[in-house]
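Trainee:
Numbering (our numbering), first residue to last: 876 to 1181.
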């Protein structure tokens, strides 16, 4: 008679079955341990390395981040200028909240004889000659004319012998050309460059050169640089690529704080260093003088006239 039900194993059989399972499990564990010895799996590491960079590690990327912050920064800051032939000059940068701006450069025109402001508005870029020794506002009042010197008298009856020598009249000294001030002249349409003849250069550090710095595809070379004297933040050396037909930025060293405030810069026109702390920006920029048809004041000293 056939029994189709469950037939329990004898005790000896059950013990052998349990032993077989235990040996199989131990063998599998030993096999896995042996295969993994000295080769920890890379995808199951529960502790990621803290050395993984979370920001740009190259100088170009670091400068681009600072320039992006500077591009959106709005403040007013005073700077001192050095290395420009006349020590102790000053510069004032005012970056208004509406995007307009003004950079005042002491001695920035007429070969150092004119204090000038470069102002960027929505209607264009203006040069405003403020004052200075080479402007009309600095012409002193001429002294009163001296009385004529009487001719020497002769004794009665004495004759005056004519002189054979003639005294040559001295040639008049050249008259320096002076420009009226204060007055503003439009020197470029909106978005167009200022002619080099009227450009004191320093305003580019706060305006269009920032757009070049934050563009990682721009034809420039960027390297970390030592801090300039009295600067704070990080400094970078920037040079235009030799492959660029027209330089997109002036070569120099530029120092920024993490929030994008320029603390120092060294370019061919001179070195500027922030003096004091930056303050809040005005809401907008207005011209400090009436607009004139020109001409604008050149950066170099004007020629004299006879």
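Ideal Cβ placement from N, Cα and C applies to all residues, glycine included.
If you're wondering where the values come from, they're calculated on a predicted model, not measured in any experiment.
#1: Between the stretch 1091-1099 and the stretch 1158-1176, can you find at least three pairs of beta-carbon atoms closer than 8 Å?
#2: Using 8 Å as the Cβ pair cut-off and three pairs as the minimum, do the stretch 934-941 and the stretch 1103-1113 touch?
#3: Who pairs with residue 1005 in a beta bridge, going by DSSP?
#4: What's the gap between the Cα of residue 1101 and the Cα of residue 1142?
#5: With a cut-off of 8 Å on the beta carbons, I'd call residue 948 and residue 1135 a contact; round off their distance for me.
#6: Among the candidates 1004, 1123, 1144 and 987, whose CA atom is the shortest distance from the CA of residue 994?
#7: Hey, residue 988 and residue 1174: beta-carbon distance below 8 Å or not?
#8: Nearest-angstrom Cα distance between residue 1060 and residue 938?
#9: State the start and end residues of the unbroken alpha helix (DSSP H) segment that holds residue 936.
#10: Residue 1171 to residue 1140, Cα distance in whole Å?
#11: Assuming contact is defined by CB atoms lying nearer than 8 Å, are residue 1130 and residue 1103 in contact in what I supplied?
#12: Once DSSP output is grouped into helix, strand and coil, what is the label at residue 1148?
#13: Within 10 angstroms of its Cβ, does residue 1154 collect 16 or more other Cβ (buried), or is it exposed?
#14: Excluding the five sequence neighbours on either side, which residues of its own chain have a C-beta within less than 8 Å of the C-beta of residue 1063, listed in chain order?
#15: Exposed or buried, which one is residue 1079 when buried takes at least 16 other CB atoms within 10 Å?
#16: Identify, in the order they occur along the chain, each residue of the same chain with its Cβ nearer than 6 Å to the Cβ of residue 968, setting aside the five sequence neighbours on each side.
#17: Can you tell me which of the three DSSP states residue 1010 falls into?
#18: Check the C-beta distance from residue 950 over to residue 970 and give it rounded, since I have them as a contact under 8 Å.
Mentor: Result, derived from the coordinates:
#1: Fewer than three Cβ pairs drawn from the stretch 1158-1176 and the stretch 1091-1099 lie within less than 8 Å of each other, which leaves the two stretches out of contact.
#2: yes
#3: Answer is none; residue 1005 lacks a bridge partner.
#4: 15 Å
#5: 4 Å
#6: Comparing C-alpha distances from residue 994 to each of 1004, 1123, 1144 and 987 shows the shortest one belongs to 1004.
#7: Going by beta carbons, residue 988 and residue 1174 fall outside the 8 Å limit.
#8: 34 Å
#9: For residue 936, the enclosing alpha helix (DSSP H) covers residues 934-947.
#10: 27 Å
#11: yes
#12: strand
#13: exposed
#14: 999, 1000, 1069 and 1070
#15: The residue is buried, with at least 16 neighbouring Cβ atoms inside 10 Å.
#16: 952, 978 and 1081
#17: strand
#18: 6 Å
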